[in-house]
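Working notes, beginning with the structure itself.
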């Protein structure tokens, strides 16, 4: 999974689970994919940025599906 898909922007792929109340699936920075689907979302950064990411599926963040990304100009 590339960083564009992990970080996301205002992108959503519809499925019934994206409409569950109180879930992060509808967050503007989330991309919800079914098995085999792909998506590309691009963020543009002007300066060095350090960001964290996590899986929004219940229990996955607590299980360690998290990481950090540092973006910098080449």
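In the working numbering, the protein residues as written are 1350 to 1423. We put the beta carbon where it would ideally sit given N, CA and C, even for glycine.
Buried or exposed, going by whether 16 or more other CB atoms sit within 10 Å of the CB of residue i?
i            : result
residue 1368 : Only weak support exists for where residue 1368 lies, its pLDDT of 42 falling under 50; the value from the coordinates is given anyway. With fewer than 16 Cβ atoms within 10 Å of its Cβ, residue 1368 is classed as exposed.
residue 1382 : exposed
Using alpha carbons as the reference points, say which of the options lies closest to residue i.
i            : options                : result
residue 1379 : 1385, 1409, 1421, 1405 : 1405
residue 1422 : 1408, 1396, 1411       : 1396
Beta-carbon within less than 7 angstroms of residue i's beta-carbon, same chain only, minus the 5 sequence neighbours each way: which residues are those?
i            : result
residue 1370 : With a pLDDT of only 45 at residue 1370, under the threshold of 50, the placement of this residue in the model should not be trusted; the figure read from the coordinates follows. Once the five neighbours on either side are set aside, residue 1370 has no close Cβ partner at all.
For residue i, which residues in the same chain have their Cβ closer than 6 angstroms to its Cβ, ignoring the five residues on either side in sequence?
i            : result
residue 1413 : none
residue 1394 : 1420
At least three beta-carbon pairs within less than 8 angstroms, the region 1415 to 1423 to the region 1383 to 1402: Short answer: they touch.
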